[in-house]
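Chains as they are written, first to last, in our numbering: chain A, 424 to 746; chain B, 19 to 342; chain C, 19 to 320.
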């Protein structure tokens with residue numbers, strides 16, 4: 424099956440300058456939030472991005488959404504460099520990439536009616552008359568499973584799970600090619616999570632929308648993603664298909680991460696790989712491979728050279744000197 | 019080593035909150051036992067009453083809205099609910115202690131961590147100055163904090179989340195408590211840190227023969243460290259059993275549904291089982307079984323009467339009309 | 019009595035059972051401090067419909083009924099319930115009409131200053147950078163001015179008139195709103211729904227006025243209510259000094275001034291308008307306090 428690439432990220436980098444001084448700030452360093460990552464997302468798939476705090480996955484999402492300025496590197500949408508796009512193509516890119524965030528309580532404008540919230544992306548970007556907009560909102564409400572009279576109500580009249588549905592409806596409104604889901608279920612009650620995950624899966628089956636899923640719960644990521652990328656301290660350390668990554672993790676960090684995942688049954692006992700020390704400060708990352716200070720099988724070269732992300736078997740990429 | 023003695027027995031505990039919207043029966047007749055050396059998991063979603071149950075045990079229910087209106091909490095046979103406040107302050111911190119979810123909230127940013135660990139020691143034990151500091155270092159070593167002499171002089175903001183949670187642990191363990199209550203202790207932690215912290219809890223439990231109550235919404239934590247588990251819904255315990263037994267033979271439809279709705283690393287499913295509806299609003303509970311509106315196997319009697327607790331198999335209890 | 023509406027419907031798979039609570043009028047008016055509100059409503063009615071309910075023409079002098087005491091004193095009568103002033107004008111009618119003046123000025127100032135302050139806060143906090151720095155320095159300038167002194171000076175220079183009073187107080191008063199509302203805007207600016215609006219390509223104006231502004235209205239209303247009392251006191255002070263609303267239009271402040279000299283013999287001439295000022299200011303402060311408790315931090319609920 425030939426999969427078309429929807430989004431490609433090449434050497435994407437984001438540095439946040441750190442300054443000292445109040446009146447005349449001087450730059451004393453930079454936080455390398457995202458440090459030269461490259462990956463592709465295929466049309467219609469769900470790409471999961473995992474990693475722990477400070478790994479840069481949220482910043483990556485922000486860069487793709489153009490909420491932050493890219494320091495260096497390229498973003499290609501349907502083959503075209505976003506920074507070189509013509510104005511109409513660029514507008515189409517922006518309308519094509521939408522997001523659903525973690526907190527259902529701050530994702531919706533508290534004083535705006537639900538109908539207006541959902542319609543906003545189309546009101547801004549498309550040229551539909553009010554009747555068409557109303558119809559579109561109604562059909563979106565139907566897709567996410569909310570009551571027909573929702574448009575006249577306010578967000579606070581809905582529960583957390585329902586609010587997340589509203590957020591999903593809004594993200595779907597402009598018929599996007601890519602939706603970035605940043606921890607879409609972690610703020611919801613456990614019994615509601617399955618509802619929302621099933622909903623997202625149904626939507627993807629029906630509309631073939633591509634998802635970029637960011638989550639810390641490995642079981643959720645594995646369940647929903649076709650492919651998974653693992654990030655550590657601003658770098659991508661491993662990318663593979665979900666099944667493959669979880670059954671044959673190659674990078675030591677991925678192995679440690681998977682060993683730490685909580686079991687789904689008390690009889691499943693995993694040997695916990697303990698990573699010594701803390702995550703190093705992103706202001707001053709270790710030389711060479713960022714992970715070498717905590718790695719359990721480092722070699723001499725690890726502290727000297729940054730390992731490139733290389734394909735070791737079909738579709739499975741690893742950035743590690745040991746391979 | 020789990021003995022057969024019950025160190026803590028909670029009988030029919032009721033804690034109600036009187037709000038402008040009505041009476042919220044946050045804990046409505048909760049009973050369970052904790053054996054010495056055992057780890058009991060209290061599982062449920064937000065609002066089920068698991069945290070309030072724990073606060074009720076140590077009598078930290080916030081007035082004026084909250085009141086413990088009934089039941090007994092027997093620590094070695096003594097009822098904690100009838101003790102005076104003075105007696106309770108001596109029990110809290112030395113016999114029963116608690117770790118909370120957010121380590122940043124448990125630690126005072128203005129004091130060094132050495133000072134904070136020393137505080138309960140000074141309050142509950144009569145030790146000389148040097149002995150206190152020795153104890154502090156001992157506690158830091160117990161929770162695997164390297165270079166304790168240096169760390170003692172540092173402040174909370176200089177440490178990572180995982181370390182802060184371990185320091186919380188050190189604070190609570192400094193007076194050799196018999197019971198540790200951990201309220202969502204790892205929710206704010208990263209995956210690898212969480213795993214390490216849970217291992218640490220197990221290690222400490224074995225070292226000092228601690229009995230633990232772990233409050234969580236995550237069945238993964240239950241599977242990892244709990245010996246027994248009690249599932250709560252809308253202020254009541256709907257099922258309790260040994261962990262393995264619960265995972266293998268869940269009896270209450272809520273437990274069944276919840277376990278089936280979780281995505282698992284070890285098996286691949288296309289669609290997750292999802293529970294209808296929302297968790298109930300506690301001031302407007304329906305008559306009968308609180309889970310009935312969402313239950314896939316609801317019967318007529320479920321809407322009228324609340325099912326009493328029945329023993330399904332040995333040491334496995336459930337409150338459900340499907341089982342008698 | 020519980021106000022929740024519980025609806026449970028299970029249609030096809032994928033449909034959700036929902037339960038939502040319609041905000042009823044009962045919820046909103048629960049706990050309202052009735053006395054301050056009643057007092058304010060009475061004065062509002064006086065202000066709006068004064069000309070229909072005054073027992074006498076407030077400007078008409080009756081030299082046969084000069085300095086008549088209120089009806090409950092010996093020399094008073096029911097015709098002039100609260101007594102008359104030095105030139106025979108009915109105090110009650112003047113107070114009713116004066117309510118209109120005080121409240122007109124009060125609301126006008128509060129609305130203009132509030133609107134201007136809100137605008138500055140929005141631009142400053144949302145646009146940030148140089149705009150923020152400049153606007154905030156200007157705000158600081160205005161805040162550091164000695165309010166009463168400049169008020170008096172400007173009023174003296176521009177001459178006493180109702181519109182001048184409104185103008186001066188609005189121009190001096192917006193800075194307080196700007197400062198407080200700016201921190202509100204800064205807080206809201208970081209919320210997820212703003213980020214999502216940017217992702218949906220909403221322009222800055224749209225975000226400021228359709229997303230942020232509706233969420234600061236509550237704070238604005240609280241500030242305005244609390245400020246109303248202040249404004250009325252200021253206006254009364256100006257009128258007392260002869261720099262506010264000019265005669266013969268009755269203003270409470272000038273009524274107090276009129277009665278000052280004859281306090282010994284005709285205490286009621288200054289006292290009734292003084293009490294009126296006190297009641298309105300106290301009521302608006304109490305209402306403002308209650309609004310603050312009610313609307314914040316759960317302000318999203320209204």
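Glycine is no exception: its CB is placed at the ideal position from the N, C-alpha and C atoms.
Asked	Found
For residue 39(C), the three-state DSSP class (helix, strand or coil)	The pLDDT assigned to residue 39(C) is 43, lower than 50, so where the model puts this residue is not dependable, and the model offers no usable value.
Residue 178(C) vs residue 264(C) beta-carbon contact at 7 Å	yes
Cβ-Cβ distance between residue 5(C) and residue 223(C) below 7 Å	The displayed coordinates of chain C run from 19 to 320. Any statement about residue 5(C) would go beyond what the structure contains.
Residue 228(C) versus residue 543(A) - alpha carbon distance	11 Å
For residue 142(B), three-class secondary structure by DSSP	helix
7 Å Cβ cutoff met for residue 43(B) and residue 253(B)	yes
Which residues DSSP lists as bridging residue 260(B), in chain order	246(B)
Where residue 480(A) falls, given that 16 or more other Cβ within 10 Å makes a residue buried	buried
Short CB-CB distance (under 7 Å) between residue 526(A) and chain C	yes
Boundaries of the beta strand (DSSP E) in which residue 235(B) is found, first to last residue	Residue 235(B) -> no beta strand (DSSP E), and no H or E assigned at all.
Rounded straight-line distance, which links the Cα of residue 341(B) to that of residue 575(A)	45 Å
Helix, strand or coil at residue 375(A) according to DSSP, with G and I counted as helix	Any answer about residue 375(A) is impossible in this case: the structure gives chain A only from 424 up to 746.
Start-end ranges of the beta strand (DSSP E) lying completely within the stretch 151-198 of chain B, minimum 3 residues	none
Simplified DSSP state of residue 711(A), which is helix, strand or coil	coil
Segment contact, 8 Å Cβ cut-off, at least three pairs: the stretch 304-313 of chain C with the stretch 142-156 of chain C	no
Span of the alpha helix (DSSP H), counted from its first residue to its last, around residue 646(A)	641-647
Endpoints, beta strand (DSSP E) assigned at residue 59(B)	57-61
Cβ-based neighbour list, residue 316(B), same chain, cut-off 7 Å, excluding 5 preceding and 5 following	310
is_contact[residue 247(B), chain A] using C-beta, thresh 7 Å	no
Residue 524(A) Cβ short of 6 Å to the ligand ZN heavy atom set	In terms of ligand content, the structure shown is empty, and the ligand ZN therefore cannot be addressed.
Continuous alpha helix (DSSP H) stretch holding residue 307(C): start and end	286-313
Integer-rounded CB distance, given that residue 239(B) should sit under 8 Å from residue 197(B)	That pair is no contact at about 18 Å.
The stretch 518-525 of chain A touching the stretch 591-607 of chain A, judged by at least three CB pairs closer than 8 Å	yes
Closest by C-alpha distance to residue 99(B), when choosing among 90(B), 115(B) and 226(B)	90(B)
Beta-carbon contacts of residue 449(A) that lie in its chain and below 7 Å, excluding the five residues immediately before and after	442 and 443
In DSSP terms, what residue 26(B) is bridged to	52(B) and 93(B)
Identity of the residues DSSP links to residue 521(A) by a beta bridge	602(A)
Near-chain A residues of the stretch 290-310 of chain B (beta-carbon distance less than 7 Å), N- to C-terminal order	290, 291, 292, 293, 296 and 297
Continuous alpha helix (DSSP H) stretch holding residue 481(A): start and end	480-487
Contacting residues, own chain, Cβ-Cβ under 7 Å from residue 250(C) (five flanking each side not counted)	120, 124, 295, 298 and 299
Residue 716(A) burial status per 10 Å Cβ neighbour count (16 or more: buried)	buried
Under 8 Å from the C-beta of residue 543(A): neighbouring residues of chain F	Included in the structure are the protein chains A, B and C, with no chain F among them.
Assumed close pair residue 564(A), residue 571(A) - CB separation to whole angstroms, cut-off 8 Å	7 Å
Length of the line joining the Cα atoms of residue 206(C) and residue 193(B)	44 Å
Secondary structure, alpha helix (DSSP H): runs of 4+ residues fully inside the stretch 133-214 of chain C	147-161, 165-176 and 180-207
DSSP three-state assignment for residue 465(A), whether helix, strand or coil	strand
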